[in-house]
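Okay, structure first, notes after.
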Amino acid sequence: MRVLAAALVFLLATSGYARADGPPFHVGVTRVTVQDAAPFEALIAYPTGASEVPTPAGPFTIAATRDAPIATGARFPIVLFSHGGNGKSEAGPLVHQALITSLTRRGFIVIAPFHPATSRPLEDRPRQNHEALELVLNDPRFAAHADQARLGMIGFSYGGALTLIAAGGIPSLAHLAAYCTDRTDDPRGCGGAPKNGARVPVYGKSADVLPLKAIVLLEPFGALFDREGLQSVKLPVLLYRAEQSDLGAEGNIFALAAALPRPPQMKATPGGHFVFVDPCPSVVEEEAPVVCKDAAGVDRATFHKRLEADVATFLERTL
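First residue of the sequence shown? That's 32 in the working numbering, and the numbers climb one at a time after it.
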């Protein structure tokens, strides 16, 4: 009995130490080319036991070891990450690498396509997300370690709309046009909206709907969806907004929350739309102050620690 009691004390002590000592994994990273009509790249971050050597990527530094071996002995949940923007920037998911690597340290495989510019984003980008996922599931480095039964997705801004499409949402350009008619309080949401009454494509459910178990929406472009188009999105949702964003909360975040069949978990933070982008390297801050600089009193670095914890906790609970 003494031996058993001693063993139990040891197990409890070591498990407590592991929790106190932080996430159990280091981060490996690789960049792959996904074949499509226009081939594109994807960043894959995954758990590893290898020592961590930071990887430079242009002006960014990823806190991960390039092409490290994946950790063994477990199957890891998968998270797709869809960035915002129009695809003209080469940064893509690199401006979210802190969130991506924080999830990987807690045992997630994260797949983040670099969405190229396209005139058909509502058709092309959902396919790109699907193709990037299929590449990882068929890659011998990851196939035996990726748990496709535990699949989630995160989307920022326009990537939030793509995440809703992957979850079964149906976009409506007619709804967007009606919402934006004579509206001056949503410059980001209505900047490229069609005119009300204009002939616009009518979409059905995407062929690239994925078997997602949960999604995280960071400042999503929600005005693209009406209530009817969201009736299939019945999974758990974490919906995060920025309180001083130029993406109108009434027509994007609040309308989306009201229209979803399952009430989402709602969170908010002080700051503008781009507060969800990582704190910028100095050279990037000089080139893109609108993206990188916050109003007085907004501490982006501190907020990102909370964001990382909130997202990881939600996905650990729902996947």
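Ideal placement from N, C-alpha and C gives every residue a C-beta, glycine not left out.
Three or more pairs of CB atoms, one per stretch, sit closer than 8 Å, so the stretch 244-260 contacts the stretch 184-198.
Secondary structure of G183 (DSSP, three-state): strand. Distance from the CA atom of L193 to the CA atom of R156, rounded to whole angstroms, is 7 Å.
If you look at E154, you'll find it in the alpha helix (DSSP H) that goes 152-168.
Taking all protein chains shown into account, Q128 has 16 or more neighbouring C-beta atoms within 10 Å of its C-beta and is therefore buried. In this structure, A288 sits near L270, with a CB-CB distance shorter than 8 Å. Taking T212 as the centre and dropping the five residues before and after it, the same chain places the C-beta of N227 closer than 7 Å to its C-beta, in chain order. Excluding five sequence positions before and after V231, the CB atoms of its chain that fall closer than 7 Å to its own CB belong to L204, A205, A208, P225, given in chain order. The C-alpha of A68 lies about 34 Å from the C-alpha of E316.
In the DSSP assignment, H335 falls within the alpha helix (DSSP H) that extends over 331-349. The straight-line gap separating the alpha-carbon atoms of P202 and A81 is approximately 43 Å. Pairwise C-beta distances place the stretch 296-307 in contact with the stretch 273-285, as three or more of them are shorter than 8 Å.
By a beta-carbon distance limit of 8 Å, F107 contacts A177. Their separation comes to about 6 Å. In the structure shown, the three-state DSSP call for F285 is helix.
Within the DSSP secondary-structure output, R272 pairs in a beta bridge with A299. The stretch 89-106 makes contact with the stretch 59-78, as at least three CB pairs between them are under 8 Å. In this model, R136 and T79 are separated by some 9 Å (Cα to Cα).
Beta-bridge partners assigned by DSSP to T215: none are found.
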